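A quick write-up on the structure given underneath.
2 protein chains.
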Amino acid sequence: MEDIKPTEKKNFSRALLSRIPHYRKYLSSLSDKEGYISATVLANKLSLGEVQVRKDLAVISGEGRPRIGYEIKPLLLSIENALGKDRISEAVIVGAGKIGCALLEFDGFLDYGINIVAAFDTDSHKIGTFPSGKPIFGTDKIKEYCTEHNTRLAVIAVPTRSAQEVCDILVSSGIKAIWNFARIDLKVPKDIKVYREDLALSLAHLNSLIND
Amino acid sequence: MEDIKPTEKKNFSRALLSRIPHYRKYLSSLSDKEGYISATVLANKLSLGEVQVRKDLAVISGEGRPRIGYEIKPLLLSIENALGKDRISEAVIVGAGKIGCALLEFDGFLDYGINIVAAFDTDSHKIGTFPSGKPIFGTDKIKEYCTEHNTRLAVIAVPTRSAQEVCDILVSSGIKAIWNFARIDLKVPKDIKVYREDLALSLAHLNSLIND
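Line by line, the protein sequences are chains U and V. At position 121 of the first sequence (counting the first as 1) the number is 121 in the numbering used here, and the numbers step up by one without a gap. Just add 1000 to the spot in the second sequence (first one is 1) and you have the numbering used here.
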């Protein structure tokens, strides 16, 4: 029966997903949200191609009306839905080192309807502290916490040697998707999604674009 | 005349670039590097598609020989070249906060031939310290340092309100590519490359893949 209510988020590519907050930001900034906006205007304002905008909006909310465009209010509502604003997803971080704490403090996740609610670490000096008001627990509390809160999203920011062990605990705690900063390919059951972050990649790609 | 010596890196897509360290890791691990390896074996070992492997290697080092495959030693050499191992690119970070320091300590950049050599910050308590053996200077030293070292790559990890000002200083200091963690679209001259990092995107995409 649960199949009847699919989430509206699931068919978005990573690329489209990255543009959605920009659509929202611009549309939200309009003083007058009555009426319509054209793909041409949106494309100009966001420095995107018009074809791109039409494709994006077709996926997010459907086709615009010929010669009129998209009704702003329902479009904004579809965007908010797409970003999961109506149902915040909670996530936890394992590993409260430099990267873990940076992510714990980063406030950009809420733009996508995600709230990082807690971190876990083995270091007793970190346990019990509340950077940015968010608690750090011992790693022995992962299962209890995630089960109780029905947490489905987790970030692994521990040293490589501990990453697989942490991953196994997370999976056994009901986590369904893992963002992995450890430099190791994690072994997980088929139904668990893992994205291995390669922090160096963006800089490497930039470097490849400039010639000596 | 400089056009005669193009860098070998410049035509790699971000996706291909992300796979190159995996090719290197596996090929380097082979105890016997004499002889040939087939696309089939490589694809199996790296859990990639065979067509993908053939395409990748064609870009990196050329076609393999029918029924024999790719000669390992020259392939490894091409990979090292592709990753810029023969000419390390130096990069600097502006902003020694949580993210800046995490990047300063991260050792994965060297896999792509990039060395983060220094950071800059306005906080006098941070200036002069050497996390991971790397110096932190005052932001007033950016121009002097980058000009002297002919630095072309920079990371902006400062608060949003300072990002454009820092960007302008970097551009006037000869920086050609900027990896921007600030949540603002930077204005730069046409010849400067900027990649705006959206730290939340990976987790948002993972979240969109799991359904309630």
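Here a beta-carbon is modelled for each residue, glycine too, at the ideal position from N, C-alpha and C. Since this is a predicted model, take the numbers as computed values, not measurements.
Out of U:13, U:22 and U:98, the CA that lies nearest to the CA of residue 1185 of chain V is found in U:22. Residue nearest to residue 121 of chain U within the set U:148, U:147 and U:92 is U:92 (criterion: CA-CA distance). The beta carbon of residue 1136 of chain V sits closer than 6 Å to those of 1096, 1119, 1121, 1126, 1127 and 1129, all from its chain and outside the five residues before and after it, given in chain order. Cα atoms of residue 1036 of chain V and residue 1069 of chain V: separation of roughly 6 Å, rounded to the nearest angstrom. For residue 1067 of chain V, no alpha helix (DSSP H) run applies, since DSSP gives it neither H nor E.
Per DSSP, residue 195 of chain U is not a residue of any alpha helix (DSSP H); the beta strand (DSSP E) it occupies stretches across 193-196.
Residues of chain U whose Cβ lies closer than 9 Å to the Cβ of residue 1084 of chain V are, in chain order, 204, 207 and 208.
The beta-bridge partner set that DSSP reports for residue 1138 of chain V consists of V:1121. Of all residues in the segment 110-133 of chain U, only 111, 112 and 114 come within less than 7 Å of chain V when Cβ atoms are compared, listed by chain position. If you check the CB distance, residue 1162 of chain V and residue 1143 of chain V do not come in under 8 Å. With a beta-carbon spacing of about 5 Å, residue 1102 of chain V and residue 99 of chain U fall inside the 8 Å limit used to define contacts. Interface with chain V (8 Å Cβ-Cβ cutoff): residue 162 of chain U is excluded.
Straight through space, the alpha carbons of residue 202 of chain U and residue 178 of chain U are spaced by roughly 20 Å. Rounded to the nearest angstrom, the gap between the Cα atoms of residue 106 of chain U and residue 89 of chain U is 16 Å.
Taking the C-beta atoms as reference points, residue 104 of chain U is found nearer than 8 Å to residue 132 of chain U. For residue 1039 of chain V, the enclosing alpha helix (DSSP H) covers residues 1039-1046. The C-alpha of residue 1194 of chain V is placed about 39 Å away from the C-alpha of residue 169 of chain U. For residue 1093 of chain V, the enclosing beta strand (DSSP E) stretches over residues 1089-1094.
In the three-state reduction of the DSSP assignment, residue 1081 of chain V falls in the helix class, which pools H, G and I.
Residue 1063 of chain V and residue 1013 of chain V have their C-alpha atoms roughly 18 Å apart. Remark: fewer than three beta-carbon pairs, one from each stretch, lie closer than 8 Å, so the segment 47-65 of chain U and the segment 138-155 of chain U are not flagged as touching.
Closer than 7 Å at the C-beta level to chain U, one finds these residues of the segment 1141-1154 of chain V: 1152 and 1153. A distance below 6 Å between beta-carbons, with the five flanking residues on each side excluded, links residue 1166 of chain V to the following residues of its chain, in chain order: 1094, 1156 and 1158. Counting along the chain, the unbroken alpha helix (DSSP H) around residue 99 of chain U starts and ends at 98-105. Residue environment: residue 1034 of chain V is assigned as exposed (fewer than 16 neighbouring CB atoms within 10 Å of its CB, all protein chains considered). Here DSSP, grouped into helix, strand and coil, assigns residue 1060 of chain V to helix.
Looking from the CA of residue 180 of chain U, the closest CA among U:190, U:196 and U:192 belongs to U:196.
Residues of chain V whose Cβ lies closer than 8 Å to the Cβ of residue 201 of chain U are, in chain order, 1014, 1017, 1018 and 1112.
For residue 1108 of chain V, the closest alpha carbon among the candidates V:1083, V:1124 and V:1123 is that of V:1083. The beta carbon of residue 28 of chain U is closer than 8 Å to those of 76 in its chain, skipping five residues each way along the sequence. Taking a Cβ-Cβ cut-off of 8 Å, the neighbours of residue 1183 of chain V in chain U comprise 108, given in sequence order. Counting every other CB atom within 10 Å of its CB across the protein chains shown gives residue 1056 of chain V a total of 16 or more, marking it as buried.
Within its own chain, the residues whose Cβ lies closer than 8 Å to the Cβ of residue 1124 of chain V, once the five positions on either side in sequence are excluded, are 1138, listed in chain order.
In its chain, beyond the 5 residues on either side, 1091, 1092, 1093, 1094, 1146, 1170, 1175, 1177, 1178 and 1179 have a beta carbon closer than 8 Å to the beta carbon of residue 1154 of chain V. Residue 26 of chain U is not a Cβ neighbour of residue 1200 of chain V, given a cutoff of 8 Å. By the C-beta density criterion, residue 207 of chain U is buried, having at least 16 other C-beta atoms within 10 angstroms.
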